[in-house]
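Inspection log for the structure reproduced underneath, given as structure tokens.
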Amino acid sequence: MCIICDRIKMIKEGANPYFVRELETGYVVIGDNQHFEGYTLFLFKEHVVELFNIEPAVKTKYLEEMSIVAEAAYKAFKPEKMNYECLGNGDAHLHWHLFPRKQGDIENYGNNGRGPVWWYPMEKMYSDDNRPNAEKLEEMKRRLNDELEALLA
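Per my numbering, the very first residue in the sequence shown carries number 1449; after that it's consecutive.
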């Protein structure tokens, strides 16, 4: 089983503390590490590796829901810009990384502090210092879910 399937299994068992909300095509979760405050993932419900392998109507709905999740993250965490990434080389299960971005969030890495999140050192981005405590995590989940609720109403 893949790590994303494992995380989805935890959601179904009520054991994933990062779970925010289930949508028709996927699960909304707050990222384990929050160097980029509000970092959110949208996990496709089924184990599919490529976007083009999804039935067209489901693919359209998934992309629409991903956009709604990104808008909710934007409204909840007030970044200057959202970054969207659907990679899959590391975890071959369709999912989106939604990064709320602010000036200076990659320090002086990249092009004078500007560029993709992956120009920031992985050991710093995924440091345990960037894990929200239980209280902060609940507050972040509430903010994101409140915005999702408003957008989905």
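Beta carbons: idealized from backbone N, C-alpha and C, even for Gly.
Original post:
Once you ignore the five residues that flank residue 1532 on each side, which residues in its own chain have a CB closer than 7 angstroms to its CB?
Top reply: Mapped onto the sequence shown, residue 1532 falls at position 84. Excluding positions up to five away in sequence, the list reads 1518, 1544 and 1546.
Original post:
For the beta strand (DSSP E) that residue 1469 lies in, which residues bound it at each end?
Top reply: Taking the first residue of the sequence shown as position 1, residue 1469 is located at position 21. Counting along the chain, the beta strand (DSSP E) containing residue 1469 begins and ends at 1467-1470.
Subject >> DSSP state of residue 1535 mapped onto helix, strand, coil >> reply: In the sequence shown, residue 1535 corresponds to position 87, counting from 1. Residue 1535 falls in the coil class under three-state DSSP.
**OP:** State buried or exposed for residue 1473, treating a residue as buried only when at least 16 other CB atoms are found within 10 Å of its CB.
**Re:** Along the sequence shown, one-based indexing puts residue 1473 at 25. With 16 or more other Cβ atoms within 10 Å, it is buried.
**OP:** Verify whether the separation of the beta carbon atoms of residue 1453 and residue 1540 is less than 8 angstroms.
**Re:** In the sequence shown, the residue the question calls residue 1453 occupies position 5. In the sequence shown, the residue the question calls residue 1540 occupies position 92. No, they are not a contact pair.
Subject >> Sufficient close CB pairs (3 or more, under 8 angstroms) joining the stretch 1495-1514 to the stretch 1549-1558 >> reply: no
Original post:
Taking the alpha carbon of residue 1514 as the point to measure from, which residue in 1477, 1561, 1497 and 1457 has its own alpha carbon closest?
Top reply: As a working mapping, residue 1514 is identified with position 66 in the sequence shown. Here the closest residue by C-alpha is 1477.
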